[in-house]
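Residue numbers (the numbering used here): 607 to 762.
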């Protein structure tokens, strides 16, 4: 079940390949996401090396407000780093593609798989140029006008 979707991801980026990953969250963050509270604005995924020199993926700048203000810890950071849970093979594949093809890893949506399980869908993407965005807007307007005309013909 879809919880939150990044609406600007398909507008600003050309999505090449999609992935899903678990994400480490606190309990009250899970409750907030189930209530569809959160914002993708300014969020992105980074690759870091840990102490054992293995690559790890982190979701950065994703805003999750506290579920209940009074019951959250005082030092809670709403924009904290959240670790993505992936296998080493998948991480290696993503690192290679981002370095060789100059691609980005962007978060696209949060989904609920089980009652307590929330996963992040993310994608390998390439940034769109300004003229590509204009073309998409023109196509959308044209499609909307055609559908409107078709509905008017059916009613007459």
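A virtual CB, placed ideally from N, CA and C, is assigned to each residue, including glycine. Only a predicted model underlies this, so the values are computations on that prediction, with no experimental measurement involved.
Using a 10 Å radius around the Cβ and a threshold of 16 neighbouring Cβ atoms, would you call residue i buried or exposed?
i, result
"residue 619", "buried"
"residue 679", "exposed"
"residue 743", "exposed"
Would you list the residues sitting across from residue i in a DSSP beta bridge?
i, result
"residue 655", "661"
"residue 689", "664"
"residue 629", "690"
"residue 608", "717"
"residue 645", "669"
Closer than 7 Å to a non-hydrogen atom of the ligand FMN - does that hold for the CB of residue i?
i, result
"residue 619", "The ligand FMN is not part of the structure shown, which contains no ligands of any sort."
Helix, strand or coil: how does DSSP classify residue i here?
i, result
"residue 720", "coil"
"residue 733", "strand"
"residue 757", "helix"
"residue 709", "coil"
Rounded to whole angstroms, how far is the Cβ of residue i from the Cβ of residue j, which I believe are closer than 8 Å?
i, j, result
"residue 661", "residue 697", "5 Å"
"residue 688", "residue 716", "Not confirmed; about 11 Å, so no contact."
Does the stretch 623–643 come into contact with the stretch 671–686, if we say contact requires no fewer than three beta-carbon pairs (one atom in each stretch) closer than 8 Å?
yes
Cβ pair count under 8 Å reaching 3, the stretch 718–726 against the stretch 736–752:
no
Inter-stretch contact at 8 Å, needing at least 3 Cβ pairs: the stretch 607–621 / the stretch 644–652:
yes
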